[in-house]
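Each remark here refers to the structure printed beneath this line.
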Amino acid sequence: MKKRFDRIFPWLFVFGDIAVMSLSIISTSFLMGNIGEYNGPDSSYFLVFVLVWMVITILRKDYRWERTSRYDNLFGKLIGSLVWFLVIVAILWVPVLMEANRTIYFGMMSLSLFISVSSYRIGTFLLLKKYRAKGYNFRNAVILGKSEIGEKLAKVLERRKDFGIRYMGQYDFNSEIMHNKATLRNFFEEAVSNEIDIIYINELTNSDVVKKLIDLADEHYIKIKVIPGNSLQLEKNLTFSRYGDLFVINVNEIPLDNVVNRVLKRSFDLIFSLLVTVFILSWMIPLVGLLIKLESKGPIFFIQERNGVNNKIFRCLKFRSMTPNDYADQIQATKNDPRVTRIGAFLRRTSLDEMPQFINVLMGDMSIVGPRPHTVPMNQVFKSQIEKYNSRHQIKPGITGLAQVRGFRGEIEHPFQIRSRFKLDYFYIKNWSIWLDLKICFGTFHELIYNRENVY
Numbered sequence: 301m302k303k304r305f306d307r308i309f310p311w312l313f314v315f316g317d318i319a320v321m322s323l324s325i326i327s328t329s330f331l332m333g334n335i336g337e338y339n340g341p342d343s344s345y346f347l348v349f350v351l352v353w354m355v356i357t358i359l360r361k362d363y364r365w366e367r368t369s370r371y372d373n374l375f376g377k378l379i380g381s382l383v384w385f386l387v388i389v390a391i392l393w394v395p396v397l398m399e400a401n402r403t404i405y406f407g408m409m410s411l412s413l414f415i416s417v418s419s420y421r422i423g424t425f426l427l428l429k430k431y432r433a434k435g436y437n438f439r440n441a442v443i444l445g446k447s448e449i450g451e452k453l454a455k456v457l458e459r460r461k462d463f464g465i466r467y468m469g470q471y472d473f474n475s476e477i478m479h480n481k482a483t484l485r486n487f488f489e490e491a492v493s494n495e496i497d498i499i500y501i502n503e504l505t506n507s508d509v510v511k512k513l514i515d516l517a518d519e520h521y522i523k524i525k526v527i528p529g530n531s532l533q534l535e536k537n538l539t540f541s542r543y544g545d546l547f548v549i550n551v552n553e554i555p556l557d558n559v560v561n562r563v564l565k566r567s568f569d570l571i572f573s574l575l576v577t578v579f580i581l582s583w584m585i586p587l588v589g590l591l592i593k594l595e596s597k598g599p600i601f602f603i604q605e606r607n608g609v610n611n612k613i614f615r616c617l618k619f620r621s622m623t624p625n626d627y628a629d630q631i632q633a634t635k636n637d638p639r640v641t642r643i644g645a646f647l648r649r650t651s652l653d654e655m656p657q658f659i660n661v662l663m664g665d666m667s668i669v670g671p672r673p674h675t676v677p678m679n680q681v682f683k684s685q686i687e688k689y690n691s692r693h694q695i696k697p698g699i700t701g702l703a704q705v706r707g708f709r710g711e712i713e714h715p716f717q718i719r720s721r722f723k724l725d726y727f728y729i730k731n732w733s734i735w736l737d738l739k740i741c742f743g744t745f746h747e748l749i750y751n752r753e754n755v756y
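Each residue of the sequence shown is one higher than the one before, counting from 301 in the numbering used here.
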């Protein structure tokens, strides 16, 4: 019964997805028709939309969930599929989109799809988690071989009932028993009688033992999963590459090594920064520039060399907030700094001096969210003080970042401040998701309004 559920559920999920998507498109068409704009696509386009969605989600393996999958994995897959869907539909529908009312329809449909499909998927995911947490649709599992890592896994399985993996015990087999196929066969026969579905084994270097275990597991319809050793447990983002008949473990990849994630992040950066440039910077630069010029002589912008992705130097833009001086590159601004002008103090206090960096984002030197870039001299100092500091340059620097929304802004007075910033930057790089970027953006607005400490 439990295995039948696993076979049926993906199909229910696929058809549910299509039903929700169809209702979303139909309801958008109905709404637009009622307000006199446009009654949506004809039936031929509707069928194309459904077909495109099915192909994208199947190719991207949206319906292949692990029992241990997390919400950010689910949300990331959904965002990626929606982006591909909207891009393909926009290309197919480009002649139609030339009409203004249909462009409005496309925007409404995009928003409706995002809300409805994400709500359906996350809701279904939550229900399945609760269902498993109550003891349904479970898999029985044992751990073969005693080790510290094995004991950690046992605690996780006992604690996370929502995984639907019932921990049944740990077997301590010595090397002599592991090499004895008859003894191992008896173990597997006993496992079958106890309805064991999964056997976790500690990392084994002996290929003969691994082969015996896999052969016996295949013979008894039991799944084998290997627990990586301590060295590999240090890295969260393990991926596998296939080289002919060989599999290679990639131990230090980051989410933004994935081309889909990079496209997703860059699309977000371009759309966001383009909107800011057109609707805000277009009038802000002349206005702020005039105020800067009225108070002191010098350029409107302060242009400074900073370290970017892969440590490459780029020219970072800011509104000039100080009187022109020879030490702006070497000395950080401090509280009551006499170099700061009156308009500059306001710009720094409200972080408006950073607004021109949206141009850096458009140019591809920066991202909306990422580790904040430091000046080249400061970067050299921090690099000598903090191990692995250079690793924060694996991705583009950002206008805002996780460290900033956690309160680490402004002047760096103590070594622990830069260490704390680095830890948060490193966490962001290793755990990036579009959902995390959105959370940081909302957190930044909160910080700007309610927390202006250390900003001067």
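Built from N, CA and C at the ideal position, the CB exists for glycine as well.
Could you spell out the range, first to last residue, of the alpha helix (DSSP H) harbouring residue i?
i: N440; result: Note, N440: premise wrong, no alpha helix (DSSP H); beta strand (DSSP E) at R439 to L444.
i: M666; result: M666 -> no alpha helix (DSSP H), and no H or E assigned at all.
i: Y436; result: From DSSP, Y436 is part of no alpha helix (DSSP H); its letter is neither H nor E.
i: T744; result: I734 to Y750
i: L453; result: E448 to R459
i: P715; result: P715 to K730
i: L564; result: V559 to V576
Could you pull the DSSP bridge partners for residue i from this structure?
i: V640; result: M622
i: T539; result: N550
i: L617; result: I603
i: I524; result: I499
i: T675; result: R606
Considering only their Cβ atoms, is the gap separating residue j from residue i smaller than 7 Å?
i: F658; j: V576; result: yes
i: M321; j: W365; result: no
i: S498; j: K461; result: Note on residue identity: the sequence assigns Ile, not Ser, to residue 498. Cβ distance not < 7 Å, so I498 and K461 don't count as in contact.
i: W735; j: F375; result: yes
i: R639; j: M622; result: yes
i: G589; j: I580; result: no
i: V705; j: I749; result: no
i: L570; j: I695; result: no
i: K452; j: D472; result: no
i: L413; j: S327; result: no
i: I449; j: L457; result: no
i: V367; j: F463; result: A quick correction: the sequence has Arg, not Val, at residue 367. Closer than 7 Å, so yes.
i: I496; j: N440; result: yes
i: T700; j: T744; result: yes
i: Y363; j: F313; result: yes
So what's residue i in DSSP terms, helix, strand or just coil?
i: N339; result: Summary for N339: the model assigns pLDDT 47, below 50, so the residue's position carries little reliability; its value from the coordinates is reported in the next sentence. Three-state DSSP puts N339 in coil, outside helix and strand.
i: Y405; result: helix
i: G376; result: helix
i: R364; result: coil
i: P586; result: helix
i: T483; result: helix
i: N611; result: helix
i: P555; result: helix
i: E687; result: coil
i: S324; result: helix
i: F708; result: coil
i: V355; result: helix
i: T650; result: coil
i: K597; result: coil
i: S412; result: helix
i: L312; result: helix
i: R370; result: coil
i: I388; result: helix
i: N494; result: coil
i: I695; result: coil
If I'm right that residue i touches residue j with Cβ under 8 Å, what's the distance once you round it to whole angstroms?
i: F619; j: D653; result: 4 Å
i: L444; j: R485; result: Contact doesn't hold; Cβ gap of about 14 Å is too wide.
i: P807; j: R606; result: Any property of residue 807 remains undetermined from this structure, which presents the chain solely from 301 to 756.
i: V442; j: M468; result: 5 Å
i: P697; j: M666; result: 5 Å
i: Y726; j: S691; result: 6 Å
i: V681; j: D737; result: At roughly 29 Å, the Cβ-Cβ gap does not stay under 8 Å, so V681 and D737 are not in contact.
i: L617; j: N660; result: 6 Å
Could you please give the first and the last residue of the uninterrupted beta strand (DSSP E) stretch that includes residue i?
i: I465; result: I465 to Y471
i: I699; result: G698 to T700
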